[in-house]
Amino acid sequence: MCKIRNMCSKAAATFASLMLLTGLSACASAPQGMSAEQLAKAGQVEFMRPYELSRSDVEFVSVGPVRGESCASHLLADEASQEQARMRMKLAAAERQANRLVLKKCVKDDEGGCTTRWWCEGDAYQAVPLQ
């Protein structure tokens, strides 16, 4: 009985590990047009709420406004998405050495030569812990 229970435990652990790896590889895929390197860089930027700028344990240095866009330029193109526009905005913030981002707005329209377009704007900051 003990050997059977041990074999079942190992089989269950192996199955769980396999399922976890399969799930993680699906999550790690980059949005259309973004490399894994760009995705990692954008992942270093965190969204925050405007009221968090008043925290007393961190100084927030503004690095300026940033914008991200997702465009479907023709009917056969992949659908534009708000998620992709926000990810591109995070990448723009990371390229300015920011690590925090306050989202101002996201808008869906059909301008700029796109059949469908999402664009997002925000303010990028470098959070510096106070000594």
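Those letters in the sequence shown? Residues -28 to -1, 1 to 103, by mature numbering (1 follows the signal peptide of the UniProt record, and there is no 0).
Even for Gly, the Cβ is constructed at its ideal location relative to N, Cα and C.
I'd like the span of the alpha helix (DSSP H) that includes Glu67, first residue to last. Here the question's residue 67 lines up with position 95 in the sequence shown. Secondary structure note for Glu67: its alpha helix (DSSP H) is the uninterrupted segment 54 to 67.
What residue from Gly85, Arg27, Gln98 has the CA that sits closest to Ala66's CA? Numbered from its first residue, the sequence shown carries residue 66 at position 94. Out of Gly85, Arg27, Gln98, Gln98 has the C-alpha closest to the C-alpha of Ala66.
Using only the alpha-carbon positions, how far apart do Ala44 and Asn71 sit? Residue numbering aside, residue 44 sits at position 72 when the sequence shown is read from its first letter. Residue numbering aside, residue 71 sits at position 99 when the sequence shown is read from its first letter. Cα-Cα distance, rounded: 29 Å.
For Leu75, the first and last residue of its enclosing alpha helix (DSSP H): In the sequence shown, the residue the question calls residue 75 occupies position 103. Not the alpha helix (DSSP H): Leu75 falls in the beta strand (DSSP E), residues 72 to 81.
CA-CA distance, Gly94 and Glu18? Against the sequence shown, residue 94 aligns to sequence position 122. Against the sequence shown, residue 18 aligns to sequence position 46. Cα to Cα, Gly94 sits roughly 12 Å from Glu18.
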